[in-house]
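Peer 1: In the UniProt record's numbering, the protein residues as written are 1 to 163. Glycine included, every Cβ here is placed at the ideal spot set by N, Cα and C. Fair warning: this is a prediction, and the values are worked out from it, not measured in the lab.
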Amino acid sequence: MFQALEILTVLVVAVAMALALAHALELPGKMRLSKEQYLAVQPIYYPGFTFGGIAEPLGLIMTLALIVLTPPFSGTYWLTAGAFVSLLAMHAIYWMVTHPVNNFWLKEQQPEGAGKRFFSFRSHRDANEPDWTVLRDRWERSHLLRAIFGLVSLILLVAAVAA
């Protein structure tokens, strides 16, 4: 049972990392887009990435379960704890940096139901029209940081499982 949890946790954390990595790998190309092109492209991500985004909180829960089930203060324990902290940092960056900008990209869209509630939480609210390049840079670079933390988390988790 424990081994199955380890394998599933690695898979879920890999999905979480892969989503952030996909955004990070697009950064060079997206930085060359005009405002019109960027604003046209940006909203196409939300259906798939929102669905896949469940991997982050699920990965946190599963990694925490591994910590609880791992003998305390062993090498595996510390690797798993490090993976959890890195995944938590990745998730925190999303809520503190990335998510508030999402509402700007979706201002022309009309999400409904759960999507409306999700994207309105901590949305970017400004009486003035914000400089789109500042928001673009913030959004794109946040995904670069998230990909780094996700990769660190995955590496530590795989090392813990292999130990």
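Figure out for me which residue from Val15, Ile61, Leu144, Asn103 has the closest Cα to the Cα of Trp132.
Peer 2: Start at 1 with the first residue of the sequence shown, and residue 132 comes out as number 132. The candidate whose alpha carbon is nearest that of Trp132 is Asn103.
Peer 1: How big is the Cα-Cα spacing for Val15 and Trp95?
Peer 2: Working through the sequence shown from its first residue, we reach residue 15 at position 15. Working through the sequence shown from its first residue, we reach residue 95 at position 95. Going by the C-alpha atoms only, they are around 18 Å apart.
Peer 1: Taking the alpha-carbon positions, what's the Ser153 to Pro47 distance?
Peer 2: Within the sequence shown, residue 153 is the residue found at index 153, counting from 1. Within the sequence shown, residue 47 is the residue found at index 47, counting from 1. Roughly 25 Å between the two C-alpha positions.
Peer 1: Quick check: the Cα distance between Leu64 and Gly29, rounded to an integer number of angstroms?
Peer 2: Within the sequence shown, numbered from 1, the residue matching residue 64 stands at position 64. Within the sequence shown, numbered from 1, the residue matching residue 29 stands at position 29. Near 36 Å, if we compare the C-alpha coordinates of Gly29 and Leu64.
Peer 1: Quick one: any contact between the stretch 61-78 and the stretch 132-141, if contact means 3 or more CB pairs under 8 Å?
Peer 2: These segments do not touch.
Peer 1: Alpha carbons only, please: which of Trp139, Pro57, Thr70 is nearest the one belonging to Tyr17?
Peer 2: For the purposes of this step, residue 17 is identified with residue 17 of the sequence shown, where counting begins at 1. At residue 17 the sequence reads Met, which differs from the Tyr that was named. Measuring from the Cα of Met17, the nearest candidate turns out to be Pro57.
Peer 1: If Gly150 sits next to Ala4, beta carbons under 8 Å apart, how far is it from one beta carbon to the other, in whole angstroms?
Peer 2: Walking along the sequence shown from the start, residue 150 turns up at place 150. Walking along the sequence shown from the start, residue 4 turns up at place 4. Between Ala4 and Gly150 the Cβ distance is about 22 Å, and since that is not below 8 Å, they are no contact.
Peer 1: DSSP on residue 172, reduced to helix/strand/coil?
Peer 2: Residue numbering for the chain in the displayed model covers 1 to 163; residue 172 lies beyond these limits and cannot be assessed.
Peer 1: Relative to the C-alpha of Ala24, which residue among Ile148, Ser34, Lys35 is closest?
Peer 2: Here residue 24 refers to the residue found at position 24 of the sequence shown. Nearest option by C-alpha distance: Ile148.
Peer 1: Determine the closest residue to Lys35 out of Arg141, Ala163, Val158, Trp105, with distance taken between C-alpha atoms.
Peer 2: Position 35 of the sequence shown, counted from the first residue, corresponds to residue 35. Lys35 has its Cα closest to that of Trp105, out of Arg141, Ala163, Val158, Trp105.
Peer 1: Provide the residue span of the alpha helix (DSSP H) that contains Trp78, from first to last.
Peer 2: For the purposes of this step, residue 78 is taken as the residue at position 78 of the sequence shown. Looking at the DSSP string, the run of the alpha helix (DSSP H) that includes Trp78 is 75-93.
Peer 1: If you compare alpha carbons, which of Ala55, Leu39, Ile7, Glu140 is closest to Val97?
Peer 2: Here residue 97 refers to the residue found at position 97 when the sequence shown is read from its first residue. Val97 has its Cα closest to that of Glu140, out of Ala55, Leu39, Ile7, Glu140.
Peer 1: Taking only three categories from DSSP, how would you classify Pro72?
Peer 2: Taking the sequence shown and counting its residues from 1, one reaches residue 72 at position 72. Of the three classes helix, strand and coil, the one that applies to Pro72 here is coil, per DSSP.
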